[in-house]
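Residues in the sequence shown are numbered from 1 upward in steps of one, following full-length UniProt numbering. Virtual Cβ for every residue (Gly too), placed ideally from N, Cα, C. The block underneath contains the structure these notes are about, expressed in structure tokens.
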Amino acid sequence: MSYFGVAVSKLLTQIKKSSGAERLDLLDKLYQRTANHLKGIAILYLTDKSHIEDTVEETFVRVIRYIDRFNEASDGYNWMCKITENAAHDINKLYYREDVGIPDNFYDESSRFNVQAYLEDSEERNAVKEAVKQLTPEMQDLYYLEYVCNLSRSDIARLKNVSKSTISKRCARLEALVLEELKKFDD
């Protein structure tokens, strides 16, 4: 453990054992000693650099919340770095989940993003259009991303915040449902 890591571990141990005004003074000392280091860690993981301060603040909130779980034998600096990394990932998810995905007006009849309106341009697609109408909204979203936007399954997984294997299973289910609906229209 480095000298810096030892110093941070001692501070964390003191914070863990203290309370009241003494704890606040120790937290302030910890912040002044580690904030710039943690900002450097946050820069490595954040998509948008304007969220660096938010990440460091969230790190200290989590340090306060989980101080009882801190093991005095471990390296306190590494523990705080891991908390910073996790906070940065959470902040990325928080801010970028809103920017991607299905448009709000996807299901409006007047929308240019409407799957049904997209499919109405040819008679050959009427059966597919009817099959898609029978799907659940979640499956319609998946259909839109896979076949209209032509996104890869890994991109869809990233947009939906699920694993690629989950999206692959859902796509297989989607194909089976569409084929099942198309068989109904053939009869």
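Where residue i sits in the DSSP three-state scheme
{"i": "Glu72", "result": "coil"}
{"i": "Asn92", "result": "helix"}
{"i": "Asn150", "result": "coil"}
{"i": "Ser163", "result": "coil"}
{"i": "Asp99", "result": "Caution applies to Asp99, whose pLDDT of 47 falls short of 50 and renders its modelled position unreliable; the value that the coordinates give is listed next. Asp99 falls in the coil class under three-state DSSP."}
{"i": "Asp48", "result": "coil"}
{"i": "Leu179", "result": "helix"}
{"i": "Arg112", "result": "With a pLDDT of 47 at Arg112, under the threshold of 50, the modelled position of this residue cannot be trusted, and the question is left open."}
First and last residue of the uninterrupted alpha helix (DSSP H) at residue i
{"i": "Val61", "result": "Ile52 to Tyr66"}
{"i": "Gln32", "result": "Gly20 to Tyr45"}
{"i": "Val8", "result": "Tyr3 to Lys17"}
{"i": "Lys160", "result": "Arg153 to Lys160"}
{"i": "Gln134", "result": "That residue, Gln134, is in no alpha helix (DSSP H); it is neither H nor E in DSSP."}
Distance between beta carbons of residue j and residue i, contact taken as under 8 angstroms
{"i": "Leu135", "j": "Tyr143", "result": "7 angstroms"}
{"i": "Ile67", "j": "Lys16", "result": "5 angstroms"}
{"i": "Leu38", "j": "Thr59", "result": "6 angstroms"}
{"i": "Asn92", "j": "Thr47", "result": "5 angstroms"}
{"i": "Ser19", "j": "Leu26", "result": "That belief does not hold up - the Cβ atoms of Ser19 and Leu26 are roughly 10 angstroms apart, past 8 angstroms."}
Cβ-heavy atom distance, residue i to the ligand SAH, below 7 angstroms
{"i": "Glu53", "result": "The ligand content of the structure shown is nil, which means the ligand SAH is not present either."}
Quiz item: Is there contact between the stretch 86-93 and the stretch 40-51, where contact requires at least three CB pairs shorter than 8 angstroms?
Solution: yes
Exercise. Check whether the stretch 70-77 touches the stretch 6-25, taking contact to mean three or more Cβ pairs, one atom from each stretch, closer than 8 angstroms.
Key: yes
Quiz prompt | Validate contact between the stretch 173-185 and the stretch 130-138 using beta carbons, cut 8 angstroms, 3 pairs | solution = yes
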